[in-house]
Every structure is written in structure tokens, then in C-alpha cells.
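Below you'll find the structure, written out as C-alpha cells, and then a few comments.
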Amino acid sequence: MDDAPRSEDTLKRGTRAREDYLESILNLIEEKGYARVVDIAQNLNIAQASVTGMIQRMDSDGLVSYEKYRGVILTSEGEKIARAIIKRHKSLAKFFNLFGMDDEDTYQDIEGIEHHMSSTTLKTIQALTDELERQPALLARVKARVSKES
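Numbering (my numbering), first residue to last: 1218 to 1367.
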């Protein structure tokens, strides 16, 4: 394992894979009450051995608590990060839905965007979404312009 110091930003943002794991673990816990390696592997379509390796690294980083054959739970830091990831996803989905874009059509776009977005960009999208919701005439003009340019 790499002993190089990591910035708090790196641990908070993490890699795309780490974020996907945290999101999947939280969703499983909320759905089923628990998260097991086999369930995480199935959700992410990844081999169980790969999941075990990542879970062990995340355990070392203090994001999850893992006991072999018992399952995975999020630490408070892991849960905080997972909830922020889900919030980013929901914010982007809400923004795209304003324009009548289907969740199925935008899912892959959202998955790609959410992992590379700064907190400033997220706040900007959230503010824009709020303003467009408050100003239906503006939203209608933007939608008309988008459909005209399509």
C-alpha cells in the first residue's frame, strides 16, 4: 500500500471507482439493511475478488468497516462521502429533468459528469436549477432554444 500522504480533498473526492463503491454500499444498506461483497460485486458488475481488494483498501482508509464473511458498513466519513455523491447525482438528474430529458438517456452522462465535478460547479448547477424552477418563462425560453438548436 502507498504510504504517501494524501490531501483531504483526494480522500473526500476519491477515485471514480471508490465513489461508485461508496454509493453502491449506501444504496444496498438503505435497500436491504446490509451490504455484502457479493451484492456489491453484482451491483457494480465486478468480480468478487476485485471488490474484496477495494473494500480492504477502503477499510484501511477508514471509509468502511469490513469483516470477512460478515459484510461491509460505512464509517461516518464513508457515509458522509456516499451521501455527497448521491446528492451530486440527484442534483444533476433534477437539472436534466427540467428539460424533459429521460433518466435512462441521461444516466450514463450523469455517471460521467458527477465524478469530475467540483463543488463550485455543483453549486452553480443547483443555483441555476433553482432559478429555472422559479422562473418558468425563462425555463420555457431555454427549452425552446435547445429544441430549436437540436
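Yeah, the Cβ is synthetic: ideal placement off N, Cα and C, and Gly gets one too.
Identify which residue in the options has its Cα closest to the Cα of residue i.
{"i": "D1237", "options": "E1248, Y1251, A1258 and K1249", "result": "A1258"}
{"i": "E1328", "options": "I1272, S1336 and A1310", "result": "A1310"}
{"i": "S1364", "options": "R1305, S1308, F1316 and S1336", "result": "F1316"}
{"i": "T1232", "options": "R1362, M1334 and K1304", "result": "M1334"}
{"i": "F1313", "options": "I1330, A1234, S1267 and A1301", "result": "I1330"}
{"i": "N1244", "options": "A1299, K1307, T1323 and H1332", "result": "A1299"}
Just the C-alpha distance for residue i and residue j, rounded to the nearest angstrom, thanks.
{"i": "G1288", "j": "R1253", "result": "4 Å"}
{"i": "P1222", "j": "E1350", "result": "Confidence at P1222 is low in this model, with a pLDDT of 35, below 50, so its placement is unreliable and the value that follows should be read with caution. Their backbone Cα atoms lie some 43 Å apart in a straight line."}
{"i": "M1318", "j": "A1266", "result": "37 Å"}
{"i": "R1196", "j": "Q1352", "result": "No answer is possible for residue 1196: the residues shown for the chain start at 1218 and end at 1367."}
{"i": "K1340", "j": "L1291", "result": "26 Å"}
{"i": "H1306", "j": "K1285", "result": "30 Å"}
{"i": "S1373", "j": "E1366", "result": "The structure shown has nothing for residue 1373, since the chain only spans 1218 to 1367."}
{"i": "E1296", "j": "I1303", "result": "10 Å"}
{"i": "S1293", "j": "L1345", "result": "31 Å"}
{"i": "Y1324", "j": "D1276", "result": "29 Å"}
{"i": "A1342", "j": "K1360", "result": "The amino acid at residue 1342 is misidentified as Ala; the sequence shows Ile. Rounded to whole angstroms, I1342 to K1360 spans 16 Å at the Cα level."}
{"i": "S1336", "j": "D1322", "result": "24 Å"}
{"i": "A1301", "j": "D1326", "result": "18 Å"}
In its own chain, which residues sit with a C-beta less than 7 Å from the C-beta of residue i, not counting the 5 before and 5 after it?
{"i": "I1263", "result": "none"}
{"i": "D1320", "result": "A1310"}
{"i": "V1255", "result": "Q1265"}
{"i": "H1332", "result": "R1233 and E1236"}
{"i": "R1362", "result": "none"}
{"i": "T1338", "result": "none"}
Please work out which residues of its chain come closer than 8 Å, Cβ to Cβ, to residue i, disregarding the five sequence neighbours upstream and downstream, and give them in chain order.
{"i": "E1348", "result": "L1355"}
{"i": "A1234", "result": "M1271"}
{"i": "L1261", "result": "D1237, Y1238, S1241 and V1268"}
{"i": "K1249", "result": "D1256"}
Excluding the five sequence neighbours on either side, which residues of its own chain have a C-beta within less than 6 Å of the C-beta of residue i, listed in chain order?
{"i": "I1246", "result": "A1252"}
Across the region 1236-1250 and the region 1279-1298, are there enough close Cβ pairs to call them in contact, namely three or more that are closer than 8 Å? yes
Please give me, in chain order, every unbroken run of the alpha helix (DSSP H) with length at least 4 that falls completely inside the region 1231-1279. 1233-1249, 1254-1261 and 1265-1277
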